[in-house]
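For reference, the structure is listed below as structure tokens.
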Amino acid sequence: MNHPRHGLDEVIHAPVRFSIMATLAAAEKAEFAYVRDTIEVSDSVLSKQTATLEKAGYVKVSKGYVGKRPRTWLSLTAPGRRAFEAHCNALRTIAEQATTTRDTA
Numbered sequence: 348m349n350h351p352r353h354g355l356d357e358v359i360h361a362p363v364r365f366s367i368m369a370t371l372a373a374a375e376k377a378e379f380a381y382v383r384d385t386i387e388v389s390d391s392v393l394s395k396q397t398a399t400l401e402k403a404g405y406v407k408v409s410k411g412y413v414g415k416r417p418r419t420w421l422s423l424t425a426p427g428r429r430a431f432e433a434h435c436n437a438l439r440t441i442a443e444q445a446t447t448t449r450d451t452a
């Protein structure tokens with residue numbers, strides 16, 4: 348099991364979940380609407396995919412108010428941040444190996 352694909356995280360690998368993780372990796376926390384608009388999905392899609400990441404222990408969902416308006420914030424947990432970094436490293440390694448292989452083939 349030496350191929351770097353074994354380092355990919357199946358929970359993170361789905362495109363929408365990967366996009367959520369990438370958006371959250373750039374901040375301490377982000378408002379639900381900001382993440383939704385940034386990754387261009389509907390509320391229901393973001394909610395469903397966030398629930399999967401939350402169940403995996405990668406994302407924390409916090410609810411509160413700004414004035415009288417309810418708000419939801421998303422943030423990466425420490426394990427989520429580590430998992431995202433490991434997943435990105437595996438992707439980089441796969442891409443680098445492909446480039447190296449192509450250059451020497």
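With my numbering as the guide, the letters of the sequence shown map in order to residues 348 to 452. Every residue, glycine too, gets a C-beta built ideally from N, C-alpha and C. All of these numbers come straight from a predicted model, not from anything done at the bench.
Counting along the chain, where does the beta strand (DSSP E) carrying Tyr-412 start and finish?
Tyr-412 -> beta strand (DSSP E) spans 406-413.
Helix, strand or coil for Glu-378, going by three-state DSSP, please let me know.
The answer is strand: DSSP assigns Glu-378 an E or B state.
Three Cβ pairs or more, each shorter than 8 Å: is that satisfied between the region 427-437 and the region 353-367?
Yes, since at least three Cβ pairs between the region 427-437 and the region 353-367 fall closer than 8 Å, the two stretches touch.
According to DSSP, residues forming a beta bridge with Arg-416
Beta-bridge pairing links Arg-416 to Val-413.
Rounded C-alpha distance that separates Thr-419 from Asp-384
Thr-419 and Asp-384 have their C-alpha atoms some 14 Å from each other.
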